[in-house]
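Heads up, the thing below is written out as structure tokens.
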Amino acid sequence: MDVAVAERVSSPKLGFRRKAKAYIALTKPRVMELLLVTTIPVMILAKGGLPDWWLVIATVIGGSLSAGSAAAFNCYIDRDIDAVMDRTKKRPLVTGELTPREALVFAWTLGVVSTVWLLATTNWLAAALSVGAILFYVFVYTLWLKRRTQQNIIWGGIAGCFPVVIGWAAVTGSLSWAPIILFAVVFLWTPPHYWPLSMKYRSDYQAVGVPMLAVVRGRAQVGLQVILYAWATVVCSLLLIPVADMGLLYSAVALLSGGWFVYETHRLYNLAIRHEHVSPMRVFHGSITYLTLLFLAVGIDPLLPF
Numbered sequence: 005m006d007v008a009v010a011e012r013v014s015s016p017k018l019g020f021r022r023k024a025k026a027y028i029a030l031t032k033p034r035v036m037e038l039l040l041v042t043t044i045p046v047m048i049l050a051k052g053g054l055p056d057w058w059l060v061i062a063t064v065i066g067g068s069l070s071a072g073s074a075a076a077f078n079c080y081i082d083r084d085i086d087a088v089m090d091r092t093k094k095r096p097l098v099t100g101e102l103t104p105r106e107a108l109v110f111a112w113t114l115g116v117v118s119t120v121w122l123l124a125t126t127n128w129l130a131a132a133l134s135v136g137a138i139l140f141y142v143f144v145y146t147l148w149l150k151r152r153t154q155q156n157i158i159w160g161g162i163a164g165c166f167p168v169v170i171g172w173a174a175v176t177g178s179l180s181w182a183p184i185i186l187f188a189v190v191f192l193w194t195p196p197h198y199w200p201l202s203m204k205y206r207s208d209y210q211a212v213g214v215p216m217l218a219v220v221r222g223r224a225q226v227g228l229q230v231i232l233y234a235w236a237t238v239v240c241s242l243l244l245i246p247v248a249d250m251g252l253l254y255s256a257v258a259l260l261s262g263g264w265f266v267y268e269t270h271r272l273y274n275l276a277i278r279h280e281h282v283s284p285m286r287v288f289h290g291s292i293t294y295l296t297l298l299f300l301a302v303g304i305d306p307l308l309p310f
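Quick note: the sequence shown uses my numbering, first residue 5, plus one each step.
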């Protein structure tokens with residue numbers, strides 16, 4: 005359906021369950037997994053043990069609402085290109101399950117509620133960082149960078165780094181070098197995570213004029229950039245060992261999983277330069293596994309005696 009037409013049509017009368025699913029889809033639940041993967045382990049590291057579980061639950065709830073708000077704003081702003089891309093054409097604003105007005109009200113509501121909730125249950129710094137994450141994702145990434153530069157995902161990925169510092173701030177009320185290093189890890193990890201996905205959906209991005217690196221550069225160049233950022237991610241992760249006095253578990257996981265992650269990126273590049281069939285989604289899914297293992301180690305290591 006043409007976007008202009010869709011905006012003049014009210015969303016169909018849907019049952020409560022289907023309507024609720026449409027609102028949940030606006031929040032991009034899979035993206036929220038990053039929130040859980042990074043927030044809780046960092047809170048354990050900040051405490052040097054198990055933090056108060058009510059604080060953990062409150063922070064995760066507030067962070068989830070904040071991330072959902074940013075995602076809903078993104079769906080509202082990008083509804084024109086979502087209608088063209090195969091990967092996004094089933095989103096509720098494209099299918100007509102929700103109207104743009106409903107999505108906008110929902111996004112604002114989540115944003116306000118998340119801020120008030122974090123102020124009431126954590127502290128002003130965590131709440132302020134949450135607001136900063138929403139503003140950065142909406143204004144810097146979605147409205148400014150995404151459709152203008154091939155560097156979009158590099159700087160736009162900063163929004164996905166905020167759960168790390170929000171979790172740390174919720175526990176300590178301050179920031180230090182340890183969360184900044186982990187913030188940098190997620191920042192450097194985002195390009196080698198997302199660029200393989202853009203390789204797979206290159207034609208989608210090309211059709212809507214979004215200059216992802218895979219659209220404006222060849223596969224070999226993308227593969228090389230993925231390697232460089234993967235190496236930088238792993239090196240940055242090792243800086244946490246002396247800064248936060250990490251033990252054997254984290255050190256081993258950072259080295260072994262990091263080595264595997266780097267290997268997968270080299271494999272992608274080697275296939276690309278030989279003009280053979282590449283499987284970019286292997287690196288995409290592998291990057292998720294790598295980050296999950298790394299942050300599990302962040303959370304478990306402080307609980308061990310070695």
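Idealized CB from N, CA, C, for every residue including glycine.
Could you please give the first and the last residue of the uninterrupted alpha helix (DSSP H) stretch that includes M36?
As a first step, residue 36 must be located in the sequence shown, where it is residue number 32. From DSSP, the alpha helix (DSSP H) with M36 extends over P33 to K51.
Could you say which of A71, W199 and P200 lies nearest to A137 if we only look at CA atoms?
Taking the first residue of the sequence shown as position 1, residue 137 is located at position 133. That would be A71, whose Cα lies nearest to the Cα of A137.
Note down the Cα distance separating W235 from L272, rounded to an integer number of angstroms.
Mapped onto the sequence shown, residue 235 falls at position 231. Mapped onto the sequence shown, residue 272 falls at position 268. For W235 and L272, the distance between alpha carbons rounds to 14 Å.
Judging by CA-CA distance, which residue of G171, I81 and T103 is the nearest neighbour of G303?
Taking the first residue of the sequence shown as 1, we reach residue 303 at position 299. That would be G171, whose Cα lies nearest to the Cα of G303.
For V287, count neighbouring C-beta atoms within 10 Å of its own C-beta (all shown protein chains included) and say buried if the count is 16 or more, exposed if not.
Residue mapping note: residue 287 aligns to position 283 of the sequence shown, counting from 1. Classification for V287: buried.
What is the rounded straight-line gap between the Cα of A182 and the Cα of L253?
The residue you call residue 182 lines up with position 178 of the sequence shown. The residue you call residue 253 lines up with position 249 of the sequence shown. Each residue's Cα considered, the two are about 17 Å apart.
Local conformation of Q154 per DSSP, three classes:
As a position in the sequence shown, residue 154 is number 150, starting the count at 1. Q154 falls in the coil class under three-state DSSP.
Thinking P196 and T237 are a contact (beta carbons under 8 Å), I'd like their distance in whole angstroms, please.
The residue labelled residue 196 in the question sits at position 192 within the sequence shown. The residue labelled residue 237 in the question sits at position 233 within the sequence shown. About 7 Å; that satisfies the 8 Å criterion.
For E101 and L18, the rounded distance between their alpha carbons
By one-based count along the sequence shown, residue 18 stands at place 14. By one-based count along the sequence shown, residue 101 stands at place 97. Rounded to the nearest angstrom, the two C-alpha atoms are 8 Å apart.
Within this structure, are the beta carbons of Y145 and N127 separated by less than 8 Å?
Residue mapping note: residue 145 aligns to position 141 of the sequence shown, counting from 1. Residue mapping note: residue 127 aligns to position 123 of the sequence shown, counting from 1. Against a cut-off of 8 Å, the Cβ pair of N127 and Y145 comes out as no contact.
Give every residue of the same chain whose Cβ lies closer than 8 Å to the Cβ of V9, excluding the five residues on either side of it in the sequence, and list them in chain order.
Within the sequence shown, the letter at position 5 stands for residue 9. Any answer about V9 is weak, because its pLDDT of 39 lies below 50 and its placement is not dependable; what the coordinates show is given next. Contacts found: none.
With distances taken from CA atoms, which of P167, R105 and S118 is nearest M36?
For the purposes of this step, residue 36 is taken as residue 32 along the sequence shown, with counting starting at 1. For the residues P167, R105 and S118, the minimum Cα distance to M36 belongs to P167.
When you compare the stretch 103-110 with the stretch 40-51, are there three or more beta-carbon pairs, one atom per stretch, that lie closer than 8 Å?
no
Give the DSSP-derived three-state secondary structure of P55 in the structure shown.
What you label residue 55 is simply residue 51 of the sequence shown in a count that begins at 1. Looking at P55 - three-state DSSP - the assignment turns out to be coil, as it is neither helix nor strand.
Measure the alpha-carbon distance for E11 versus A75 and round it to whole angstroms.
Position 7 of the sequence shown, counting from 1, holds the residue named residue 11. Position 71 of the sequence shown, counting from 1, holds the residue named residue 75. Confidence is the limiting factor: at E11 the pLDDT is only 48, short of 50, which leaves the residue's position unreliable, though a coordinate-based value still follows. Using only the alpha carbons, I get a separation of about 19 Å.
Tell me which residue opens and which closes the alpha helix (DSSP H) that H197 is part of.
The residue you call residue 197 lines up with position 193 of the sequence shown. Per DSSP, H197 belongs to the alpha helix (DSSP H) from W181 to K204.
I need the straight-line Cα distance from W121 to T92, nearest angstrom please.
Position 117 of the sequence shown, counted from the start, is the residue given in the question as residue 121. Position 88 of the sequence shown, counted from the start, is the residue given in the question as residue 92. So the two alpha carbons sit approximately 31 Å from each other.
Can you tell me where the alpha helix (DSSP H) with Y254 in it begins and where it stops?
By one-based count along the sequence shown, residue 254 stands at place 250. Start and end: L252 to I277.
Contacting residues, own chain, Cβ-Cβ under 6 Å from Y205 (five flanking each side not counted)
The sequence position of residue 205 within the sequence shown is 201, counting from 1. Within the same chain, Y205 has close Cβ partners R91.
Residue from L129, S207, V257 and H289 with nearest C-alpha to L300:
As a first step, residue 300 must be located in the sequence shown, where it is residue number 296. L300 has its Cα closest to that of V257, out of L129, S207, V257 and H289.
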